[in-house]
Each structure stands twice: as structure tokens, then as C-alpha cells.
Amino acid sequence: MKKISWFSLYLLLYAVAVAFCSSCSDDESPLRNDLLRKDVGPVLVGNTLEFAYAIGSTDGTPIKAVEVTASFPGAEGTGIAMNSRYTNPDNGEEEEVRIATETSTEGTVSKAYIVDTVAATIRYFYVVPEAARGSKIKFHFRSITGTGEATVQSPEYTVSNVEIFKNLSLSSGERNCFSLETMQSYSVTQVEEMGIAGKIDFIYTYKPTMGSGWSFAHGLVSPSNEKGYLYPVEIPSGATNRTLMEKRYWPDGQLKTSGVPTIYVDEIDLRQAALDGVTAHAYELGQYQGVLIKSHDGKYIAYLYINETSSNLKRMSFAIKRLTLK
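Read left to right, the sequence shown gives residues -19 to -1, 1 to 307 (mature numbering (1 follows the signal peptide of the UniProt record, and there is no 0)).
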């Protein structure tokens, strides 16, 4: 005899309630389904998209299997979870419940064979692959019982061309030179030994004051060093790029070391940013501030977000979003 737990009944009622806005392959089918994307923010290569796929049978027929087909094969970590989650009404705690006996992912298709139940919420995770950069992706969800099937199609999502680089740092007098092309920091000696002076876009320096005593603190300066702001910092021989920079107070949850990325800098923000004629330096920088940067050759535009600074160590930790313009 089939056992229907209170949790299954709860999911079944939910599935029926959303039936009118769901997509079904047969309007007469007793199987109902609906789809919700749970993560937020732009779709970036390497990020994980999370979907909750609710399915329920109104005639007591058990769900046999679920199949998800993506436009592109996902990167490692893509697939359907064995467990679902729900909030226990007795204690308000989020708990897990097994909903699949077996799962698999091959190419663009992920499958799950469902436990003996008439309702469930399937969790599907898709890790955005490099092959999808700049393309549009969508997902087709299909649930199957012994008497029919139901399907629902996700919206189409555009994969951003923006790249994210985290856990970056610069130290005054040490690894203080940075390249937007390689996204790495170097010491002056390394730059000269490797012959990459032409790739250096900015140099980090820290000094409490400048010139007549006005505040300088943490600063990023182009190798062109037009106003002498790098003094007395050594500039690598042959480094002359004039990198455009401007302080911007753009919060970005995706670049923070912690927090939910509900506010973020998107591709359109970088594409539409006007940097012509601005300065080639940024100083008095501090934690949770940002700098908009455009490389000398116009190939890259980037947003640098500062996660931490230390005046004692003369050090800055940051993350960057970079967009290749040409």
C-alpha cells in the first residue's frame, strides 16, 4: 500500500495550486509541475544556477522520473540533487528529505529516478560552462508517471561576458604591480625579469600624505605617473601605460568576500561606463570602495572592489570584474 506523508501532501497541494500557471504537455494529465529559479544575479561562467522543480500527481499515481535538458552541457557539479529541502512547520527548521533513488548527468541531460511518492520538489543545479559564454541558455524540465508526463520550459538566460577574479592583493614595495591581462600582481623585479612592462596597468602605493600634507593613503597609479604620485616608488623599466581610473561607489555582492549578491555590477554597467578623459590614478581608497578601470589599449574595462585594506601592512585585498571590449 502506498504511503503518503504529510510532507508529500503539502507538496501535492502546492503543485495543484500552481497548476494554472504551469506548462503541461497534456491539459488532461493528472500530473502538474512548476519551476522556480532560486539564485539571483547575472548568469556568469563558473556560477551555479539553482532551480526548484515542483511536481505532483492529482490522481495518486507515483512519479517515476524527472529529466532536465540544458542548451549546453554543464560544467562539473551539474545535476539533480538526491535530496529535497523543506521547512518543518513544527519547528521552522529547514530539513532534507530523500526524493531520488538514483541520479545521473550525461552531456546536456540530467535524470533522476524518484522514490515512491506522488509529489516532490526537485533541486537541479547547473554550473555554467565556458562554452556558453556570451550565449543564451535555457532548460527543459520533464516529469514522468505511469500514466503521463508534464513539461515546463525555463526562460532564456544570457550568459554574461564578464569574468570575476577574487582573492587578489597588492602590497607596497613587494608585489605592487598589476596586469589586467594576466590578472596577477608582480614585484618590480619580476616585471623586468619577465619582460612584461607593457602589460602593467597600475601600481599600488601607500603613504599617509602627499606633497604639502594632503591625504593620500591607499592609491592606484598608472605607470605613466603623470603627477608624480608614485614617488618614491620604483616604476618598472619600460612601463608607461596610461590606464584610466575613477573612484566609483558601486556596491557589488558578487565581489564581496561574504554576503548575498542581490546588488551587483552587470555587463551593461561596464559597457556603458564613460571613462574618456578621466584621471590616470585613484587615491584615498578604503574598504568597500571601488575603482572603474580602463586599460591603455582599450581592450579591458574592469571594476575593482576593495574588500580589505591595512595601513600598517601597506596592503590591499580586492576582487575584480573584467570585461573584454575588443
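The beta-carbon is built from N, C-alpha and C at its ideal position, and this holds for glycine as well.
Going by DSSP in three states, residue i sits in which element: helix, strand or coil?
i: D250; result: helix
i: A300; result: strand
i: A100; result: strand
i: A62; result: coil
i: A51; result: strand
i: A93; result: strand
i: E111; result: helix
i: G200; result: strand
i: I80; result: coil
i: T86; result: strand
i: L25; result: coil
i: A56; result: coil
i: W231; result: coil
i: I118; result: strand
i: L225; result: strand
i: E75; result: strand
i: residue 367; result: Since the first residue shown for the chain is -19 and the last is 307, residue 367 is missing from the structure and cannot be characterised.
i: T238; result: coil
i: K(-18); result: Any reading at K(-18) must be qualified, since the residue scores a pLDDT of 34, below 50, and its modelled position is unreliable; the value itself is stated next. Three-state DSSP puts K(-18) in coil, outside helix and strand.
By Cβ distance, which residues of its chain are closer than 8 Å to residue i, with the 5 residues on each side in sequence left out?
i: L304; result: N142, V143, E144, E248, L251, R252, Y281, I282 and A283
i: K208; result: H262
i: residue 312; result: Beyond the ends of the chain as shown, which are -19 and 307, falls residue 312; an answer cannot be given.
i: G22; result: N28, G234, Q235, P242, T243 and Y245
i: E74; result: T68
Tell me which residues share the same chain as residue i and place their Cβ nearer than 6 Å to its Cβ, disregarding the 5 neighbours each side in the sequence.
i: E77; result: N64 and R66
i: T59; result: T86, Y107 and V108
i: A300; result: K147, L236 and Y286
i: A112; result: F53
i: S298; result: S150, N288 and E289
Please go through the same chain and pick out, in chain order, the residues whose beta-carbon is closer than 7 Å to the beta-carbon of residue i, but skip the five residues on each side of it.
i: A254; result: L273 and I282
i: R156; result: S166, Y167 and S168
i: E265; result: S196, F197 and A198
i: I125; result: K45 and A46
i: S3; result: Low confidence applies here, because S3 scores a pLDDT of 42, under 50, leaving its location unreliable; read the following figure in that light. Only R13, N14, D15 and V133 meet the Cβ criterion.
i: L211; result: I184, T186 and V202
i: Q270; result: K228, Y230 and I287
i: L25; result: V109, S141, V143 and I145
What does residue i pair with, by DSSP beta-bridge criteria?
i: G209; result: According to DSSP, which records beta bridges pairwise, G209 is partnered with nothing at all.
i: N14; result: I36
i: S218; result: Bridge partners of S218: none, in fact.
i: L30; result: Y107
i: S124; result: V47 and A131
i: Y245; result: According to DSSP, Y245 bridges with nothing at all.
i: T305; result: Y281
With respect to 7 Å, is the separation between the Cβ of residue i and the closest non-hydrogen atom of the ligand GDP below this value?
i: S141; result: Within the structure as shown, the ligand GDP is missing, as the structure has no ligands at all.
Please confirm if residue i has its CB atom under 8 Å from at least one CB of chain D.
i: S160; result: Judged by its chain identifiers, the structure shown contains no chain D, having just a single protein chain.
Cβ contact check for the stretch 10 to 27 and the stretch 117 to 133: 3 or more pairs under 8 Å: Judged by Cβ distances under 8 Å, the stretch 10 to 27 makes contact with the stretch 117 to 133, as three or more pairs qualify.
Can you give, in chain order, each stretch of the beta strand (DSSP E) that sits fully within the stretch 126 to 188 and has at least 3 residues? 130 to 134, 144 to 152, 158 to 160 and 165 to 167
Taking contact to mean at least 3 C-beta pairs separated by less than 8 Å, is the stretch 290 to 304 in contact with the stretch 184 to 200? yes
4-residue-minimum alpha helix (DSSP H) runs that sit fully inside the stretch 261 to 303, ordered along the chain: none
Segment contact, 8 Å Cβ cut-off, at least three pairs: the stretch 43 to 50 with the stretch 79 to 95: yes
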